[in-house]
Amino acid sequence: MSITPLLDFFKRGEVARDVRLLAAAGAIAPRAHEQLAILILLLDDGDKEIRETARATIDRIPVEALTAFLARSDVSIGIREFFADRGVFPAEIPAITADDALIDGDGEPAPEAIDDQVPATEEERMSLLQQLAKMGFTERLRAAVKGSREMRAVLIRDPNKMIAAAVLSSPKLTDQEVEGFAKMATINEEILRVIASNRAWTKNYAVVVGLTRNPKTPIGLSLNMMARLNDRDVQALSMDRNISESVRAAARRKVVFGQSR
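Each residue of the sequence shown is one higher than the one before, counting from 10 in this note's numbering.
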């Protein structure tokens, strides 16, 4: 299983102590795979309080939920081995839901983040933007993971890359949202790399097209994904002045080659 967006920051040691402590308590609740991987990683944290908090959080995960989750075919061997050493083994019947967190540290949503309805008026949208602007880092992080669709649309463009990456870890994230993110020229290229590295997302042709036509997508990724485009989209790419000349030239060569066959 590939490293997930938030987990990557924890592995690189780029997470502040207060955020690591929140994660150890289960208060940052991404998908179950990522949640368990972060908790296991924090068991070796240099801070004693973080280690003990992560251990206590793992100990309070309901055994029935854990064994059902471990039975899923997409659970990594490393996570299965970790719990096997603790005497917890996969159940005969796997969990049905793929994306639910196993534990939520405080049981509270991010502020005003329960409803996934898009604000109906410009006034409501401005109110939301003002709300997010007043939030501190940890509040925005929680909103990115547990907030509404409209919050995710704003926070995916957050200048802090960890906040933007947290959006991609949200259990609420939809395929339609990922399609939209792939087209955005206002988000960090590292976020586009994360999207491009996710096999489930790139099975969606609209995501591939969006990434290839996005001027912020690294050239190497755009060139690799061009091979998956149909003739019509390659033709459109060859005339798109918003993208890199290198990508446009490669598309033109592909068009000419296709016409000469």
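From the three backbone atoms N, C-alpha and C, an ideal C-beta is built for every residue, glycine too.
Contact between the stretch 45-54 and the stretch 206-216 is not established, with fewer than three Cβ pairs separated by less than 8 Å. In the three-state reduction of the DSSP assignment, Ser255 falls in the helix class.
With respect to the 8 Å criterion, Ile196 and Ala175 are not classified as neighbours on the basis of their beta carbons. Given a length threshold of 4 residues, each whole run of the alpha helix (DSSP H) inside the stretch 128-185 is given here in chain order: 131-143, 146-155, 158-164, 170-176. Taking the C-beta atoms as reference points, Glu23 is found no nearer than 8 Å to Ser178.
In this structure, the beta-carbon distance from Thr62 to Phe98 does not fall below 8 Å. Only buried fits Met234, as 16 or more other CB atoms lie within 10 angstroms of its CB. By alpha-carbon distance to Val187, the top candidate from Arg158, Phe78, Lys170, Arg69 is Arg158. Per DSSP, Pro99 lies in no alpha helix (DSSP H) and is assigned neither H nor E.
Its Cα nearest to that of Gly35, the residue Lys155 stands out among Asp17, Lys155, Leu141. For the stretch 196-260, not one full-length beta strand (DSSP E) segment reaches 3 residues or more.
Each of Leu15, Ile37, Ile252 was checked against the Cα of Met193, and the nearest Cα belongs to Ile252. Only residues of its own chain outside the window of five on either side were considered, and among them none has a CB closer than 6 Å to the CB of Ala258. Note that the C-beta distance between Leu246 and Leu238 is below 8 Å. The three-state reading of DSSP puts Asp27 in helix, counting H, G and I together.
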